[in-house]
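For reference, the structure is listed below as structure tokens.
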Amino acid sequence: MAEIGIFVGTMYGNALLVAEEAQTILNEQGHQATLYEDPEPADWEKYQHKYALIVTSTTGQGDLPESIVPLFQFIRDSVGYQPELHYGVIALGDSTYSNFCGGGKQFDALLQEQNAQRVGEVLLIDASEDPEPETVSSPWVEHWSTLLK
Ligand SMILES: Cc1cc2nc3c(=O)[nH]c(=O)nc-3n(C[C@H](O)[C@H](O)[C@H](O)COP(=O)(O)O)c2cc1C
């Protein structure tokens, strides 16, 4: 059983739907997953020795949605090295834009820089290919769940 914080960045709710579905799957598989819609630094700090799952869309030109920008800035400016953290990333985007899934990719790059340990590959969901993102995310989450200790 793992404790997982699910950190959401969304504009119109697609990433939130994916995150809620992920929470259901993880809890059904015996883990303890908690969802943070407007994640705060204190929420992040609880998972330093546990698991974080970042589920974020992309806005602007490869930017993170406003709901998750404060968390990103806190991690970048105040956290630093976090080798005990294990994490996964589900990135939502649309390949008709030039910085495809840039928000999720930025988050992954930051955590890699800080030596956090990624579990599995980053999942990139393309809204122009898969209008129902849960059909892509659910099998990924089911597999990701089996990689947690
Ligand atoms: C104004 C705007 C800008 C966007 N910019 C990007 C982008 O730069 N790169 C990308 O991959 N997707 C981009 N997208 C696509 C969204 O990330 C995608 O539609 C996603 O599913 C939205 O999820 P959300 O409802 O959780 O915000 C953009 C969408 C909008 C409306």
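Using numbering that gives the first Met the number 0, read the sequence shown as starting at 0 and increasing by one per residue. In this text, a Cβ means the ideal position worked out from N, Cα and C, and glycines have one as well.
Around the C-beta of Gln81, 16 or more other C-beta atoms lie within 10 Å, and the residue is accordingly described as buried. For Asn13, the distance from the CB to the nearest heavy atom of ligand 1 is below 7 Å. Taking 8 Å as the cut-off, the Cβ atoms of Val121 and Gly92 do not count as close. In terms of side-chain proximity, the C-beta atom of Asn98 is found nearer than 7 Å to a non-hydrogen atom of ligand 1. Residue pairing by DSSP places Arg117 opposite Tyr86 in a beta bridge.
Taking non-hydrogen atoms of ligand 1 into account, the C-beta of Asp129 is found less than 7 Å away from none of them.
Gly101 is positioned such that its CB atom lies closer than 8 Å to that of Asp62. In this structure, Met0 has its CB at a distance of at least 7 Å from all heavy atoms of ligand 1.
Where Phe73 is concerned, the enclosing alpha helix (DSSP H) starts and stops at 68 to 73.
With respect to the 8 Å criterion, Tyr86 and Ala115 are classified as neighbours on the basis of their beta carbons. Taking 8 Å as the cut-off, the Cβ atoms of Thr55 and Phe106 count as close.
Below 8 Å, too few C-beta pairs join the stretch 18 to 32 and the stretch 67 to 79 to call them touching: fewer than three.
Annotation: Val78 to Pro138 spans about 32 Å, alpha carbon to alpha carbon.
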